[in-house]
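Trainee:
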Amino acid sequence: MATTYNNLYLDIRQQLRKAGIEEATLEARELVCFGTNKSREDLARDGGLYASPELERRVRDLVERHLAGEPVAYLIGEWEFYGLPLDISRDVLIPRPDTEVLAEQAIGYIKTLGECRVLDLCAGSGCVGLAVAAQAPQARVVLGEWSDGALKICRQNIRRNSLTARVVPIQADAREKPEKSLGEFQCIVSNPPYIPRADIATLDTSVRDYEPHLALDGGEDGLDFYRSISEKWKAALAPGGRLYFEVGIGQADAVLRIMRAQGFGDIQVVKDHHDIPRVVFGTLCTEI
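The opening residue of the sequence shown carries number 1 in UniProt numbering; numbering runs sequentially from there.
Written as structure tokens, this is what we have:
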């Protein structure tokens, strides 16, 4: 018997809820929209119409793959971050709500600067740097990323959000000193790889088997990138400029100590929406 789009959506939502998926409402809508080639507006308008058996089968196949562990963002090839639509591939991490705290903190500061240059290092999809550019029109943003696959996604997202005039992608290795030709930035933001290497095998299937390990692996203790960025990339930071990091659970104090040892002061820790210390930022002290 034929199923209406509304009934298909409600059925999928129920299936996801039974599986214990928190974001069942959002994910059911995204899977039905993608599987039936409809926008959210189309789905609301056509809810009472019948979906063809082919379309219903396509949606249910997507749901089966998702329930087996494949994240929705990789299934549909896009995700939203800070109100921006972003292309997503398996070369980049899926932007998470926790990372919006990093973007929010950096944006608040950058808006006070007037014209400035901002670097998003370990940019991945470019989500943080693009959110900065969208919210702070006076900022010029560089997306620094090592992976070729991730850089391709950065370029797509710059174009998708019509930010080509103010955002530039470059290949940059966060573990090496920056080229002098890169110039100086008033703010560097980074959500680097921070999972301790031995912990990767214990991660949820949806992360361990699908997300790029290059973007997860923070070395033996998860802190390799915090050390290298604080030490080597402060050369690209203007005196009095700020460095903002996203950190993993239980890492805030260690990152604070790393930054302090590299000459950063006024270091602050900000909690995410689950009351977990998630962002650490500090100011590069000017030399006397």
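A virtual CB, placed ideally from N, CA and C, is assigned to each residue, including glycine. Remember, predicted model here, so these are calculated numbers, not experimental data.
State yes or no: is the C-beta of Ile107 within less than 7 Å of the C-beta of Ala73?
Mentor: The answer is no: Cβ separation not under 7 Å.
Trainee: Look at the alpha carbon of Val167 and the alpha carbon of Ala103, and state the distance between them as a whole number of angstroms.
Mentor: Rounded to whole angstroms, Val167 to Ala103 spans 16 Å at the Cα level.
Trainee: Nearest-angstrom Cα distance between Tyr9 and Ala28?
Mentor: So the two alpha carbons sit approximately 6 Å from each other.
Trainee: What residues in its chain sit with their C-beta under 6 Å from that of Asn149, if we drop five residues either side in the sequence?
Mentor: Looking at the sequence provided, one finds Gly at residue 149 rather than Asn. Asp91, listed in sequence order.
Trainee: Apart from the five residues just before and just after Val141, which ones in its own chain have a Cβ nearer than 7 Å to its Cβ?
Mentor: So the qualifying residues of the chain are Val118, Asp120, Gly129, Val132, Ala133, Arg166 and Val167.
Trainee: Is Lys111 helix, strand or coil by DSSP?
Mentor: Looking at Lys111 - three-state DSSP - the assignment turns out to be coil, as it is neither helix nor strand.
Trainee: Can you tell me which of Ala261, Phe245, Asp224 and Gly263 puts its alpha carbon nearest to the alpha carbon of Leu272?
Mentor: Before going further, note that residue 272 is Asp rather than Leu in the sequence given. When only C-alpha atoms are compared, the closest one is Phe245.
Trainee: Can you look up Ala131 in the DSSP assignment and give me helix, strand or coil?
Mentor: Note: Ala131 maps to helix in three-state DSSP.
Trainee: Can you check DSSP and say which residues form a bridge with Gly69?
Mentor: Partner(s): none; Gly69 has no beta bridge.
Trainee: Give the DSSP-derived three-state secondary structure of Gly35 in the structure shown.
Mentor: Gly35: helix per DSSP, three-state reduction.
Trainee: On the criterion of 16 or more Cβ atoms from any shown chain inside 10 Å, does Ile249 qualify as buried, or is it exposed?
Mentor: That one is exposed.
Trainee: Give me the Cα-Cα distance between Ala236 and Leu151, rounded to the nearest whole angstrom.
Mentor: If I take the Cα positions, the gap works out to 21 Å.
Trainee: Which ranges would you report for the beta strand (DSSP E) in the stretch 198-236 if only whole runs of at least 3 residues count?
Mentor: The stretch 198-236 contains no whole beta strand (DSSP E) run of 3 or more residues.
Trainee: So if DSSP puts Glu78 in a beta bridge, which residue, or which two residues, is it bridged to?
Mentor: DSSP, once it has assigned bridges, lists Asp87 as partnering Glu78.
Trainee: Judging by CA-CA distance, which residue of Phe264, Asp253 and Gly240 is the nearest neighbour of Ile229?
Mentor: Of Phe264, Asp253 and Gly240, the residue nearest in Cα terms is Phe264.
Trainee: Per DSSP, which residues does Glu246 bridge with? Please list them.
Mentor: In DSSP, Glu246 forms a bridge with Val279.
Trainee: Candidates Arg57, Glu80 and Gly48: which alpha carbon is nearest Leu26's?
Mentor: Closest by alpha carbon: Glu80.
Trainee: Take every Cβ of the stretch 212-223, pair it with every Cβ of the stretch 179-198, and state whether three or more of those distances are shorter than 8 Å.
Mentor: A contact exists between the stretch 212-223 and the stretch 179-198.
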